[in-house]
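Student: Okay, here's the structure, questions in a sec.
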Amino acid sequence: MKIDSLDFFYLSMPEVEDIGDGSQDALLVRVTAGGYTGWGECEASPLTTIAALVCPMSHSACKPVVASVLGERLTQPSDIVRIHQKVRENSMDLLQSDHALSGVDIALWDLLGKMCDEPVYHLLGYKHSYSKVPYASFLFGDTPQETFEKAKRATQQGYKAVKCGWGPFGKNLQADIEHVVAAREGVGQENVLLIDAGTVWGSDVEVAKSRLKILQEQKVTWLEEPFHTSALEAYRALSNESKTVKLAGGEGAHNEFMAYHLIDYGDVGFIQVDAGRVGGLTSAKRVADYAFQKNVTYVNHTFTSHLALSASLQPYAGLEGHRLCEYPIELKPLAYDLTNDHLELNQGGEICLPEKPGLGMELNLETIKKYLVQTQIIVNKKVLYETPKL
Numbered sequence: 065m066k067i068d069s070l071d072f073f074y075l076s077m078p079e080v081e082d083i084g085d086g087s088q089d090a091l092l093v094r095v096t097a098g099g100y101t102g103w104g105e106c107e108a109s110p111l112t113t114i115a116a117l118v119c120p121m122s123h124s125a126c127k128p129v130v131a132s133v134l135g136e137r138l139t140q141p142s143d144i145v146r147i148h149q150k151v152r153e154n155s156m157d158l159l160q161s162d163h164a165l166s167g168v169d170i171a172l173w174d175l176l177g178k179m180c181d182e183p184v185y186h187l188l189g190y191k192h193s194y195s196k197v198p199y200a201s202f203l204f205g206d207t208p209q210e211t212f213e214k215a216k217r218a219t220q221q222g223y224k225a226v227k228c229g230w231g232p233f234g235k236n237l238q239a240d241i242e243h244v245v246a247a248r249e250g251v252g253q254e255n256v257l258l259i260d261a262g263t264v265w266g267s268d269v270e271v272a273k274s275r276l277k278i279l280q281e282q283k284v285t286w287l288e289e290p291f292h293t294s295a296l297e298a299y300r301a302l303s304n305e306s307k308t309v310k311l312a313g314g315e316g317a318h319n320e321f322m323a324y325h326l327i328d329y330g331d332v333g334f335i336q337v338d339a340g341r342v343g344g345l346t347s348a349k350r351v352a353d354y355a356f357q358k359n360v361t362y363v364n365h366t367f368t369s370h371l372a373l374s375a376s377l378q379p380y381a382g383l384e385g386h387r388l389c390e391y392p393i394e395l396k397p398l399a400y401d402l403t404n405d406h407l408e409l410n411q412g413g414e415i416c417l418p419e420k421p422g423l424g425m426e427l428n429l430e431t432i433k434k435y436l437v438q439t440q441i442i443v444n445k446k447v448l449y450e451t452p453k454l
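Structure follows, in C-alpha cells:
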C-alpha cells in the first residue's frame, strides 16, 4: 500500500494562558493508506509545524516534510524506518521538521498497527506490555498550601506517585523548601515524590545545589530538568553531588542523539523523551533500547492527550523494570476530550495499554470540530495549506 494523504489539524482552547501547560492547543496528524487511517500528535507549536509540513523547498536538505511521505510504500515496520530517515535527510536544515516528523511517525505506526491488526508495541518488537505506575503530574500551586492540597488530592485519587513542577519553583530558596515540604506532606511518606524544575536554572549548578539538601531530606526520587537540555556539563556536575536524588531529563530532546548525550555525558538516572518531539516512536524506541543497555530508567514525557499518552508508552511497554510513567491530571478539555478512550487507573493504581490494533485510541471528531482553528497558508497567491476536511 502507498500513503494516500497526510493532514495536520490545528486545535486550540479559546484562550491560551501564559502558563506551563501544553494541553491548551494541539496539532493532530492524520495519515491514510489503503482505506486505513492512523492518528498522531505533535508536541509542538501548531502553526510553525504546519509550515514545516508544506513550506517551499529552500535547497536539497531543506524540503517540506510532506514531500518525503506522500506516495511512500507502507506495508511493514521497516517502511516507517525508511520514511523516518528520508524526512531526516531531506528536511535536515528545517529545524521544525523534527516536531512534524514526530507526529507523522506516530500516525504511521498507528496506521500500520490497524493494517496488521496488532498493537503498536507488538510491531516495535515486544511480546508483552507491562503495566505502568502513573505519577500524577501537575504544576506547583501558587502557595505551599495549594501544593499540599494538590498532592493530597492526587493520593486520595489512588496515585502512588506525584510530580510537582514549574509554577513558582526555582526562584526563591525558602519558598522552594516550603513547597517541597508541603508536597511531601500531601503525598505521605510511603509514596513517590518527584520534582520538576522546568529548566529554571539554565546551567547554574550552584543555585541548583542549594536545593539538594531539602530534596534529600524529603526523599525526592528525582529532580527533573534543573538545566537546559544541552547543558550536559551542568547535569554531570550536579549528578556528582546529588547522592540519593537522581537527575531526570530529556523532554527537550528533538532526536535520539540528544537523549543519548544526556545519558552518556549528563549522567541522568532517568531519561524522559516525548514521542511527539524526539522523532516519534521510531526514535523513542531507540532511546528506550539505549537506556536499557546503559542501566538508565526510561520514562515517557506526556502532558497532552491520551492519544499522546498511549503513543508515549509503546516504546517501553515491554520493559518490565521501567515502571513509572507521566500522567497529567490537569488537562484542558481540548486534550482530555480529544479521545473517546482513556487510560484509566486500575484498582492497583496502575495503567495498562489497550490490547487493540494501533494505539488503541478512538478520536472524538466532535471535539476536533469544536476546537479546530481554521488556517490557511498562502505563498505567491498559491494556497500551500488550508484546514483539511474531517
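Every position in the sequence shown, counted from 1, becomes a number in the working numbering once 64 is added. Virtual Cβ for every residue (Gly too), placed ideally from N, Cα, C.
#1: Bridge partners of cysteine 106, per DSSP?
#2: Determine the burial state of lysine 349: buried for a count of at least 16 other Cβ atoms within 10 Å of its Cβ, exposed for fewer.
#3: What residue range does the beta strand (DSSP E) around leucine 311 cover?
#4: For the segment 208–259, list the beta strand (DSSP E) runs that are entirely contained and at least 3 residues long, ordered along the chain.
#5: What's the C-alpha gap between proline 110 and asparagine 255?
#6: With C-beta atoms as the reference, is alanine 90 less than 7 Å away from valine 129?
#7: So, for alanine 131: in the same chain, excluding its five sequence neighbours on each side, which residues have a beta-carbon less than 8 Å away from its beta-carbon?
#8: In the DSSP assignment, find the unbroken beta strand (DSSP E) run with proline 392 in it and report its ends.
#9: Measure the Cβ-Cβ separation of glycine 252 and threonine 207 and say whether it is below 7 Å.
#10: Let me make sure I understand the geometry here. Which of Val145, Gly234, Ser294 and Gly189 has the alpha-carbon closest to that of histidine 318?
#11: Pair every Cβ in the segment 294–308 with every Cβ in the segment 321–333, then say whether three or more of these pairs are closer than 8 Å.
#12: Output needed for leucine 454: all residues of its chain with C-beta closer than 7 Å, excluding positions within five of it in sequence on either side, in chain order.
#13: What is the DSSP secondary structure of threonine 101, reduced to helix, strand or coil?
#14: When you compare the CB positions of leucine 377 and valine 197, do they come within less than 7 Å of one another, or not?
#15: Return helix, strand or coil for isoleucine 327, following the three-state DSSP convention.
#16: Would you call the CB atoms of tyrosine 380 and tyrosine 362 closer than 7 Å?
#17: Serine 369 and threonine 346 look like a contact to me (Cβ under 8 Å); what is the Cβ gap, rounded to whole Å?
#18: Pull the bridge partners of phenylalanine 202 from the DSSP assignment, please.
#19: List in chain order: all unbroken beta strand (DSSP E) runs of 3+ residues lying wholly within the segment 349–430.
#20: Alpha carbons only, please: which of Leu92, Gln411, Leu188 and Lys277 is nearest the one belonging to glutamine 221?
#21: Please classify glycine 250: is it buried, with 16 or more other beta-carbons within 10 angstroms of its beta-carbon, or exposed?
#22: Return the Cβ separation of threonine 211 and alanine 247 in integer angstroms, given the expectation that the two are a contact with Cβ distance under 8 Å.
#23: According to DSSP, simplified to helix, strand and coil, what is tyrosine 185?
#24: Could you spell out the range, first to last residue, of the beta strand (DSSP E) harbouring glutamine 440?
#25: Buried or exposed, going by whether 16 or more other CB atoms sit within 10 Å of the CB of leucine 172?
#26: Where does leucine 158 sit, in a helix, a strand or coil, going by DSSP?
#27: Roughly how many whole angstroms lie between the Cα atoms of lysine 446 and proline 141?
#28: Rounded to a whole number of angstroms, what is the C-alpha to C-alpha distance between methionine 179 and leucine 373?
#29: From alanine 312 to aspartate 240, what distance separates their C-alpha atoms?
#30: DSSP three-state call for serine 267: helix, strand or coil?
#31: Under three-state DSSP, which class holds tyrosine 449?
Tutor: Here's the rundown:
#1: Leu91
#2: buried
#3: 310–313
#4: 225–229
#5: 37 Å
#6: no
#7: Met121 and Asn154
#8: 388–392
#9: no
#10: Ser294
#11: yes
#12: Leu429, Ile432 and Lys433
#13: strand
#14: no
#15: helix
#16: yes
#17: That belief does not hold up - the Cβ atoms of serine 369 and threonine 346 are roughly 20 Å apart, past 8 Å.
#18: Cys228
#19: 361–364 and 388–392
#20: Gln411
#21: buried
#22: 5 Å
#23: helix
#24: 440–443
#25: buried
#26: coil
#27: 36 Å
#28: 21 Å
#29: 18 Å
#30: coil
#31: strand
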